[in-house]
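S.K.: Pasting in a structure now, in structure tokens, and then I'll have a few things to ask.
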Amino acid sequence: MTTANIVIAYWLVPAEPARSFFASITRELAARFAAPVFEPHLTVYAGPGGAVDPNEVLSRALAEHGPLQLSVRDVRSSDQFTKTVFVQFEDDPRLAEISFALRRASADDADYELNQHLSLIYKTMETAVKSELANSIRIPFREVRFDSAKAVACPTPIRSRADVEAWRVVATQSLAK
Numbered sequence: 073m074t075t076a077n078i079v080i081a082y083w084l085v086p087a088e089p090a091r092s093f094f095a096s097i098t099r100e101l102a103a104r105f106a107a108p109v110f111e112p113h114l115t116v117y118a119g120p121g122g123a124v125d126p127n128e129v130l131s132r133a134l135a136e137h138g139p140l141q142l143s144v145r146d147v148r149s150s151d152q153f154t155k156t157v158f159v160q161f162e163d164d165p166r167l168a169e170i171s172f173a174l175r176r177a178s179a180d181d182a183d184y185e186l187n188q189h190l191s192l193i194y195k196t197m198e199t200a201v202k203s204e205l206a207n208s209i210r211i212p213f214r215e216v217r218f219d220s221a222k223a224v225a226c227p228t229p230i231r232s233r234a235d236v237e238a239w240r241v242v243a244t245q246s247l248a249k
């Protein structure tokens, strides 16, 4: 990865037991469809980075934020590679506040649109297969608690397994208050 095609993505990571549940689904789908394995996460903000150390960004942006609980809306699919099959969460103003705080702390003015989802597989697939998968996945809880955050260096755009496998965690922070 060259610095010209890298973004820093800021993730919220689910707490247990959701973390293990989503990781299990991701591993199972990756094995079944020859897709990349990745850590379950919800991207809150992504921008070019470089202006401020990601550790500082997480520390400043999340200083006033404890763990966040989001309500599960449903499981969906789309034509977007990074949203092949995903869990959609209900809107939450606290999540929007965190996204804005990360944007401000990173000193980036990226045009990032928050969409509160957690992907379960990244793979180019036929629409019928994606829809069938989305309809077959049952989430055993109504809410998911997020208790940590990560900054991840990612190539952009993300279009392939190799792009996903190139991700590198560059900073982490607990959301415990």
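If you read the sequence shown in the numbering used here, its first letter stands for residue 73, the second for the next number, and so on.
Note that the Cβ used here is the ideal one computed from N, Cα and C, for glycine as well.
If you're wondering where the values come from, they're calculated on a predicted model, not measured in any experiment.
1) Taking 8 Å as the threshold (C-beta atoms), are Y117 and N194 in contact?
2) Which residues in the same chain have their Cβ closer than 7 Å to the Cβ of R166, if we skip the five residues on either side of it in sequence?
3) Could you check if Q152 is buried or exposed, using at least 16 other CB atoms within 10 Å of its CB as the buried criterion?
4) In the DSSP assignment, the beta strand (DSSP E) including I80 goes from what residue to what residue?
5) Return the CA-CA distance between L192 and S131, expressed in angstroms with no decimal places.
6) Assign A107 to one of two classes, buried (16 or more other C-beta atoms within 10 Å of its C-beta) or exposed (fewer than that).
7) Please state if the CB of V85 and the CB of K222 are separated by a distance shorter than 8 Å.
8) Do E100 and V144 have their CB atoms nearer than 8 Å?
9) To the nearest whole angstrom, what separates the beta carbons of P212 and N77, a pair I think is in contact under 8 Å?
10) Counting only runs that start and end within the stretch 125–196, where is the beta strand (DSSP E) found for 3 or more residues in a row?
11) Buried or exposed: where does R91 fall if 16 or more other Cβ atoms within 10 Å of its Cβ makes it buried?
12) List the DSSP bridge partners of A206.
13) Roughly how many angstroms lie between the CA atoms of V147 and E128, to the nearest whole one?
14) I need the boundaries of the beta strand (DSSP E) containing T244, first residue and last residue.
15) Between which two residues does the beta strand (DSSP E) harbouring S220 extend?
16) On the DSSP bridge list, what partners appear for A118?
17) Rounded to whole angstroms, how far is the Cβ of R240 from the Cβ of A225, which I believe are closer than 8 Å?
M.R.: Based on what the coordinates show:
1) For the purposes of this step, residue 194 is taken as the residue at position 122 of the sequence shown. For the purposes of this step, residue 117 is taken as the residue at position 45 of the sequence shown. According to the sequence shown, residue 194 is Tyr rather than Asn. For Y194 and Y117, no; Cβs fall outside 8 Å.
2) Within the sequence shown, numbered from 1, the residue matching residue 166 stands at position 94. Counting only Cβ-Cβ distances below 7 Å, and skipping sequence neighbours, we find L140.
3) Counted from its first residue, the sequence shown places residue 152 at position 80. With fewer than 16 other Cβ atoms within 10 Å, it is exposed.
4) As a first step, residue 80 is located in the sequence shown; it is residue number 8 there, counting from the start. That run of the beta strand (DSSP E) goes I78 to P86.
5) In the sequence shown, counting from the first residue as 1, residue 192 sits at position 120. In the sequence shown, counting from the first residue as 1, residue 131 sits at position 59. Rounded to whole angstroms, L192 to S131 spans 28 Å at the Cα level.
6) Translated into positions along the sequence shown, residue 107 becomes position 35. Buried is the call here.
7) Within the sequence shown, numbered from 1, the residue matching residue 222 stands at position 150. Within the sequence shown, numbered from 1, the residue matching residue 85 stands at position 13. Yes, these two residues count as a Cβ contact at 8 Å.
8) As a position in the sequence shown, residue 100 is number 28, starting the count at 1. As a position in the sequence shown, residue 144 is number 72, starting the count at 1. No, the pair does not count as a contact, with Cβ atoms beyond the cut-off.
9) Within the sequence shown, numbered from 1, the residue matching residue 212 stands at position 140. Within the sequence shown, numbered from 1, the residue matching residue 77 stands at position 5. Rounded, the Cβ-Cβ distance is 38 Å, inconsistent with contact.
10) 140–149, 157–161 and 189–193
11) For this step, residue 91 is matched to residue 19 along the sequence shown. With 16 or more Cβ atoms within 10 Å of its Cβ, R91 is classed as buried.
12) In the sequence shown, the residue the question calls residue 206 occupies position 134. BP columns for A206 are empty, so no partner.
13) Against the sequence shown, residue 147 aligns to sequence position 75. Against the sequence shown, residue 128 aligns to sequence position 56. Taking the straight line joining both Cα atoms gives about 34 Å.
14) For the purposes of this step, residue 244 is taken as residue 172 along the sequence shown, with counting starting at 1. Here the beta strand (DSSP E) through T244 covers R240 to S246.
15) Residue 220 sits at position 148 when you count from the first residue of the sequence shown. Run containing S220: E215 to P227, per the beta strand (DSSP E) assignment.
16) Position 46 of the sequence shown holds residue 118. Partner(s): A81.
17) Mapped onto the sequence shown, residue 240 falls at position 168. Mapped onto the sequence shown, residue 225 falls at position 153. Their Cβ separation, rounded to whole angstroms, is 5 Å, which keeps R240 and A225 in contact under 8 Å.
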